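Student: If you read the protein sequences in the order shown, they are chains A, B and C. With our numbering applied, the first sequence covers 334 to 546. With our numbering applied, the second sequence covers 4 to 745. With our numbering applied, the third sequence covers 78 to 308. Positions of the beta carbon are idealized from the N, C-alpha and C atoms, including for glycine. A quick note: this is a predicted structure, and the numbers were derived from the prediction, not measured.
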Amino acid sequence: MNRFKFNLRSPVATVVTIAAGGIMLLTYLMDLQNLQTVILDVVMIGAATALVIGVVNLFSVHVNKIRTGDSGAVGSAALVVALVVTFLVTMAEEITTFYPDSLPGADWILNTIQVPVESALMGVMAITLVYAAARLVTLRPNIFSVLFVLTLLLTMIISTQMGLDSGMGQGLRNFLVHGLASGGARGILIGVALGTIATGLRVLMGFDRPYDG
Amino acid sequence: MGFDPNDDPENDLPEWLRGVQPEDENGGFEPDDSISSDSEEGLPNWMQKDEQGSFQGPETEDEEDTPEWLANIRNEENSRKDQEPPDFSEQDDDDNLAWLESLSEQSEPDEEPEREEEPGDFLEKVQELKARDQAEGSWGDEEEGQPDGELAEEEDDEITAAWKRESGTLSLSEEDDEDELPDWVTGLTSLDPAELPARRDTASGDPQQEDEEIPEWLTDIRQKTSEDTKQPEEVLPAFGIEPDELYEAGSEDDEPVQFEVDEEPLEDEQVDAFSEETEITGSLPSWLENLQTNALVESTEDAEEERLNTAAYVEDEDVSALFEGDDLPDWLDEVEEEEPEEEEIEEELPEQVPALDEEIPKGELPGWLQEIRPVEAVTSTVDEAEGEGEEEREQETVGPLSGLRDVLPAEPHIIHFGSKPKLSTGFELTGAQKQYAELLKSQVKRESASIPAERRSVANPQLVFRWIIAILLLTITFSVLWWDRNILPLPGQDAIPAETFAAHELVNQVQPGERVLVGFEYQPGLAAELEAASASLLDDLLGSGAELVLVSTQPVGPGLAESFLGSQLSGWPYISERRYANLGYVSGGAAGLLNFALDPRKAKPDMSWSLSPLDTINNMMDFAMVLVITDDPDVARSWVEQVQPLMDVGGSDQAVPLVMVVSAQAEPLVYPYYYTTPRQVSGLVSGVSGGAFYESYHGESLARRYWDAYNIGLVLAVFVIAGGSIINLTRTSLNRTGKGRS
Amino acid sequence: MFAGMNSVDLAGMLVSFILTVFVLLYVFDDNPLFRMAIYIFIGVAAGYASAVALKDVILPRLFGLETQQQLLVVLWVVLLLMKLFPKTAKIGNPAAGLLVGVGAAVAVGGAVQGTLLPQITASSDFFAPGDMNLAMQAGQYGSVLEYFMRGLVVLVGTVATLAHFHFGAKPAPNQIPNRKPFIEVLSKIGQVFIAVTFGVIFAGIYSAALSALIERLLFLITVIQRMIPGL
Numbered sequence: 334m335n336r337f338k339f340n341l342r343s344p345v346a347t348v349v350t351i352a353a354g355g356i357m358l359l360t361y362l363m364d365l366q367n368l369q370t371v372i373l374d375v376v377m378i379g380a381a382t383a384l385v386i387g388v389v390n391l392f393s394v395h396v397n398k399i400r401t402g403d404s405g406a407v408g409s410a411a412l413v414v415a416l417v418v419t420f421l422v423t424m425a426e427e428i429t430t431f432y433p434d435s436l437p438g439a440d441w442i443l444n445t446i447q448v449p450v451e452s453a454l455m456g457v458m459a460i461t462l463v464y465a466a467a468r469l470v471t472l473r474p475n476i477f478s479v480l481f482v483l484t485l486l487l488t489m490i491i492s493t494q495m496g497l498d499s500g501m502g503q504g505l506r507n508f509l510v511h512g513l514a515s516g517g518a519r520g521i522l523i524g525v526a527l528g529t530i531a532t533g534l535r536v537l538m539g540f541d542r543p544y545d546g
Numbered sequence: 004m005g006f007d008p009n010d011d012p013e014n015d016l017p018e019w020l021r022g023v024q025p026e027d028e029n030g031g032f033e034p035d036d037s038i039s040s041d042s043e044e045g046l047p048n049w050m051q052k053d054e055q056g057s058f059q060g061p062e063t064e065d066e067e068d069t070p071e072w073l074a075n076i077r078n079e080e081n082s083r084k085d086q087e088p089p090d091f092s093e094q095d096d097d098d099n100l101a102w103l104e105s106l107s108e109q110s111e112p113d114e115e116p117e118r119e120e121e122p123g124d125f126l127e128k129v130q131e132l133k134a135r136d137q138a139e140g141s142w143g144d145e146e147e148g149q150p151d152g153e154l155a156e157e158e159d160d161e162i163t164a165a166w167k168r169e170s171g172t173l174s175l176s177e178e179d180d181e182d183e184l185p186d187w188v189t190g191l192t193s194l195d196p197a198e199l200p201a202r203r204d205t206a207s208g209d210p211q212q213e214d215e216e217i218p219e220w221l222t223d224i225r226q227k228t229s230e231d232t233k234q235p236e237e238v239l240p241a242f243g244i245e246p247d248e249l250y251e252a253g254s255e256d257d258e259p260v261q262f263e264v265d266e267e268p269l270e271d272e273q274v275d276a277f278s279e280e281t282e283i284t285g286s287l288p289s290w291l292e293n294l295q296t297n298a299l300v301e302s303t304e305d306a307e308e309e310r311l312n313t314a315a316y317v318e319d320e321d322v323s324a325l326f327e328g329d330d331l332p333d334w335l336d337e338v339e340e341e342e343p344e345e346e347e348i349e350e351e352l353p354e355q356v357p358a359l360d361e362e363i364p365k366g367e368l369p370g371w372l373q374e375i376r377p378v379e380a381v382t383s384t385v386d387e388a389e390g391e392g393e394e395e396r397e398q399e400t401v402g403p404l405s406g407l408r409d410v411l412p413a414e415p416h417i418i419h420f421g422s423k424p425k426l427s428t429g430f431e432l433t434g435a436q437k438q439y440a441e442l443l444k445s446q447v448k449r450e451s452a453s454i455p456a457e458r459r460s461v462a463n464p465q466l467v468f469r470w471i472i473a474i475l476l477l478t479i480t481f482s483v484l485w486w487d488r489n490i491l492p493l494p495g496q497d498a499i500p501a502e503t504f505a506a507h508e509l510v511n512q513v514q515p516g517e518r519v520l521v522g523f524e525y526q527p528g529l530a531a532e533l534e535a536a537s538a539s540l541l542d543d544l545l546g547s548g549a550e551l552v553l554v555s556t557q558p559v560g561p562g563l564a565e566s567f568l569g570s571q572l573s574g575w576p577y578i579s580e581r582r583y584a585n586l587g588y589v590s591g592g593a594a595g596l597l598n599f600a601l602d603p604r605k606a607k608p609d610m611s612w613s614l615s616p617l618d619t620i621n622n623m624m625d626f627a628m629v630l631v632i633t634d635d636p637d638v639a640r641s642w643v644e645q646v647q648p649l650m651d652v653g654g655s656d657q658a659v660p661l662v663m664v665v666s667a668q669a670e671p672l673v674y675p676y677y678y679t680t681p682r683q684v685s686g687l688v689s690g691v692s693g694g695a696f697y698e699s700y701h702g703e704s705l706a707r708r709y710w711d712a713y714n715i716g717l718v719l720a721v722f723v724i725a726g727g728s729i730i731n732l733t734r735t736s737l738n739r740t741g742k743g744r745s
Numbered sequence: 078m079f080a081g082m083n084s085v086d087l088a089g090m091l092v093s094f095i096l097t098v099f100v101l102l103y104v105f106d107d108n109p110l111f112r113m114a115i116y117i118f119i120g121v122a123a124g125y126a127s128a129v130a131l132k133d134v135i136l137p138r139l140f141g142l143e144t145q146q147q148l149l150v151v152l153w154v155v156l157l158l159m160k161l162f163p164k165t166a167k168i169g170n171p172a173a174g175l176l177v178g179v180g181a182a183v184a185v186g187g188a189v190q191g192t193l194l195p196q197i198t199a200s201s202d203f204f205a206p207g208d209m210n211l212a213m214q215a216g217q218y219g220s221v222l223e224y225f226m227r228g229l230v231v232l233v234g235t236v237a238t239l240a241h242f243h244f245g246a247k248p249a250p251n252q253i254p255n256r257k258p259f260i261e262v263l264s265k266i267g268q269v270f271i272a273v274t275f276g277v278i279f280a281g282i283y284s285a286a287l288s289a290l291i292e293r294l295l296f297l298i299t300v301i302q303r304m305i306p307g308l
């Protein structure tokens, strides 16, 4: 019985959630496109605002770290400076007309800092993945680990030029990637869809309230 | 702290001592259950009810459970009651009830009838005292007309009157008239610790009464005491214990006598002074002297044990040493001499106090009595001795006189039995229970505490192994890229996967001027792979004359799109002249994507929808193709779930194809959308290999630059993973074998 | 040395070079330079994302709406901002609730119409009956067997993987609830499929990471060759 016991801690928020979600679900069955777009318009702005709120929160956390002289205060200072400069440059370049083209703009910051760092991180991950895969069978010596590593090795082999061009490689690719892996992936997709539906319905029925807090 | 009422000395008495006690000693008195019970619960009920001294009436109990000291009290009261004038005993029940009600305001009302039903109880004695006080008139008139035969009672009243006068000097004169006094104050007055025991002393001092009840040897002791000892009322009587029971309690060394020590530790000289007094024991019979000596010896030998037993009550072992002395008179005299209260009383009562002094029999306490004499009496005496010459005196801590100095205690000590009860708000725990609790507490704390992640110390061979992998991969890949000789050819067109070929075909079906929506849905970290995979396709698309409309649900997507087009496809005038439309960022994830798919114009109101290439776009069906470049299978799923149904409104024949360029990591989870009928994803290009396949059809581009290093990196990884797994497995199995042999 | 490059491009190239080296040094061990690069990266990413959200969504949408809608949206945004502060966080619950409710409904509707129904419908096409029929008529029995086997593998893989995520068990008194034996066997088969699928995904992740590494190494080579033209 407790499963169906409603918690009325945030009745307004719950009502809003159920109403908005219910209307949105109805739009899949009925032609309520105007109402649907009105709600979605508001949601789009809200989502962008939520992103900004998150950044503001990050900013305040690191400013506090600088104030308190925490151990990572230097890093926090670098983060705050980078955040503020990037924000100001991007906004000035976009909104104002006085920002000179000769100065580095938002694209320059993106391509000079964000893309190289993130790509280099992925590069580091390549080395880490190889190391982890080489240690996997030793750390978890069971049939599934062996199967996992064998599949990994075969997939990498058939992804090379020789594997792609050879008939055996193509057959193996069809069986492994488009057969076994496709079957497992389809099961995972259906499972994810079922989980999404269950979770969404729990939210829409008021059993789960992630917005409460 | 203080005297432990749970100790029932009678149960531990030897048979011969029980015989010493008269059989009728307990007769006529009901035992006090509230005192003798609850030994396991720490404090008795009456103490738990009210700390301020409101006590409950006695309850009926078996005689065996009655503490002997209490029985003595009752016995004495009973005997004294017989001697008291009838006018004092004729207190009507109504007054008693009213007084009791006022005295124990917080007591439970259902206990009051029990008090009335037990006329022999000591409470009734208290009532009688109050009635007598009332009969004597207001306290201000106490000095007038006291009968000669009631000197003891008069003495109590004198002290009470002195206290009253002292109170009056301390701005409490408005209570001079008894009529103005609240009942509880009068009750407390009657319960003055100097009062009740003094009456008992008077009663016990009656030789005739004594002879009837007490053996001859004890009578001798008492006679000697009455002759030699000048005993102040507020010291010995404050404890309210008869010598008989004191003797019995004192003979029981294994019964810890617990006293409260609130004062400063005693000086050694004072302790020695008391110890010297212990030698004066000549008045005792020889057998009793032996007994006393044994007790002293035992107490000396078991000093440590005794201190442990009384550790909860006695805070300083120097004080416990006080009780080894067996001679009372000196310290009693000291009290009398050094207590300014007495002097003040004498000054204010010049006529009566000398007479009282004469009447009070002087006594000498035997050693067994000194061992259990009230701590507060001793300590207060010692403190006064220490504080000789000092002006500060004991400060009242309870009642209406709280905070005042030089006043008699408002709270009768009889209620405390020598100590002020400290009420515990928590459980009374034994040592073992505390130990268990601490253990449990530490375990729970350990469980709840977040264990800091230990920096895993990588074994040296593994660290070297990781470095070898890094150096191999970096140097070989770097060398191949530096060499840049196009070692390996692109995969052949015959081997192109069906999904990639379908994408190629769909791109080539796009007619010039048709709008193609391109979603740039990847992160900067995977830009290299997706740019390599899609560069040739986009080039093919631009070659077919398609007009591009860019959009992204990632904040960095529009910037990455501009960067990609500007760097890789800037050769096309369409790109360099920026004739494409970049709609920018669409927030809200799947919901934002649905909003955009439902009404692109409303979703991006700031765009120039009247200009090419947006002028013909009203919904998703107006695009010739939708191309999504993504590294995230969830984003791909969102496009399939939210946008693709809106591209298939008119049936599969008129459906807008959805083509995807995905990262190799997303391919297994996107491929099922291609492998459906009808296809949800019409064409699929995955990873660098997919881009290489596409380039084999369309022409070399970015994937070609990566192709050699990509293949070398894959092969190297295969060797490292296979070799590392074999080496690690071998090493592990060898270690296990070695361990098994050892 | 850096002919044809303006100062901004040159500075950008050098900064990228330094940051790339800092991050790649992490391969050998953690170091302060790596951490500093990560701090800067996070700051740039956050600042860029917030600026894009503001300039691409919030400001255009807010000014593109009618007055009543603007007021509604402003009120909602203010309510959302309340979530920033613990004391007023509860006031923002309805605004967050709207976001969550719409998101949940969109996810449910999309999952049903975009994944669940099409994928279940596609299950009937696992054996590709049309293609099999054509192959039978053409006498290509090998192709028929291939279609059949492939369909069987995908069907078994789908069902077995779903069975692995089935956690229903019949409770028994004084015993640990166990799944039915049939489900247990299917679950084990599903584990095999999942292991294979994850192996393929892992290979894909490595391929993607390798591509990123190659791109960075290419960039480093480009910079080095520009710095030292003779190389």
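Are any of the Cβ atoms in chain C nearer than 9 Å to that of Phe481/B?
Tutor: yes
Student: Any contact of the segment 678–696 of chain B with the segment 182–198 of chain C, i.e. 3+ C-beta pairs under 8 Å?
Tutor: Contact check between the segment 678–696 of chain B and the segment 182–198 of chain C: three or more CB pairs, one atom from each, fall below 8 Å, which counts as touching.
Student: Would you mind stating whether Val230/C and Phe508/A have Cβ atoms separated by less than 9 Å?
Tutor: The answer is yes: Cβ separation under 9 Å.
Student: Mind checking which residues open and close the alpha helix (DSSP H) that includes Gly186/C?
Tutor: Asn170 to Gly187
Student: State yes or no: is the beta carbon of Ile476/A nearer than 9 Å to at least one beta carbon in chain B?
Tutor: no
Student: State the beta-bridge partners of Asn585/B as determined by DSSP.
Tutor: Leu553/B
Student: I need the boundaries of the alpha helix (DSSP H) containing Thr735/B, first residue and last residue.
Tutor: Leu705 to Arg744
Student: Just to make sure I have the definition right: I need the residues of chain B whose C-beta is within less than 8 Å of the C-beta of Leu359/A. Which are they?
Tutor: Neighbours of Leu359/A on chain B: none; closest Cβ ~14 Å, over 8 Å.
Student: Starting from the Cα of Glu532/B, find the closest Cα among Asp609/B, Phe722/B, Val688/B and Leu732/B and give me that residue.
Tutor: Val688/B
Student: Would DSSP call Val376/A helix, strand or coil?
Tutor: Three-state DSSP puts Val376/A in a helix.
Student: Taking C-alpha atoms, which residue in Val422/A, Gln366/A, Ala459/A and Leu421/A lies nearest to Ile474/B?
Tutor: Ala459/A
Student: Can you give the beta carbon distance from Leu295/C to Gly379/A, rounded, assuming they're within the 8 Å contact cut?
Tutor: The pair is not a contact, with the Cβ atoms about 41 Å apart (cut-off 8 Å).
Student: For Met334/A, would you say it is in contact with chain C, using Cβ-to-Cβ distances shorter than 9 Å as the test?
Tutor: For Met334/A, the predicted model reports a pLDDT of 44, less than 50, meaning its position is unreliable; a value from the coordinates is still stated below. False, the Cβ-Cβ gap to chain C never drops below 9 Å.
Student: Scan the segment 415–445 of chain A for residues whose Cβ lies nearer than 7 Å to a Cβ of chain B and list them as they occur along the chain.
Tutor: Ala439, Asp440, Leu443 and Asn444
Student: Could you check whether the segment 516–528 of chain A touches the segment 180–192 of chain C, counting it as contact only if at least three pairs of C-beta atoms, one from each stretch, sit closer than 8 Å?
Tutor: Under the 8 Å Cβ criterion, the segment 516–528 of chain A counts as touching the segment 180–192 of chain C, having at least three qualifying pairs.
Student: In this structure, does DSSP put Ser170/B in helix, strand or coil?
Tutor: Per-residue confidence for Ser170/B stands at a pLDDT of 43, beneath the threshold of 50, marking its modelled position as unreliable; the derived number appears in the next sentence. The answer is helix: DSSP assigns Ser170/B an H, G or I state.
Student: Should the segment 443–458 of chain A be called in touch with the segment 87–95 of chain C, which here means at least 3 C-beta pairs below 8 Å?
Tutor: yes
Student: List the endpoints of the continuous beta strand (DSSP E) containing Phe523/B.
Tutor: Start and end: Arg518 to Glu524.
Student: Please report how far the alpha carbon of Leu545/B lies from the alpha carbon of Asn397/A, in whole angstroms.
Tutor: 50 Å
Student: Out of Val665/B, Asn463/B, Met610/B and Lys605/B, state which residue places its alpha-carbon closest to the alpha-carbon of Gln366/A.
Tutor: Lys605/B
Student: Please tell me whether Leu539/B and Tyr697/B are closer than 9 Å, where the distance is taken between their beta carbons.
Tutor: The sequence shown places Ser at residue 539/B, rather than the Leu named in the question. Yes, they are a contact pair.
Student: In chain order, what residues of the same chain have a beta carbon less than 6 Å from the beta carbon of Tyr583/B, not counting five sequence neighbours either side?
Tutor: Leu551
Student: Select from Pro636/B, Gly741/B, Pro500/B and Trp612/B the residue whose C-alpha is nearest the C-alpha of Leu672/B.
Tutor: Pro636/B
Student: Which same chain residues, not among the five before or five after Leu509/B, have their C-beta less than 7 Å away from its C-beta?
Tutor: Met628, Pro660, Val662, Ser685 and Gly686
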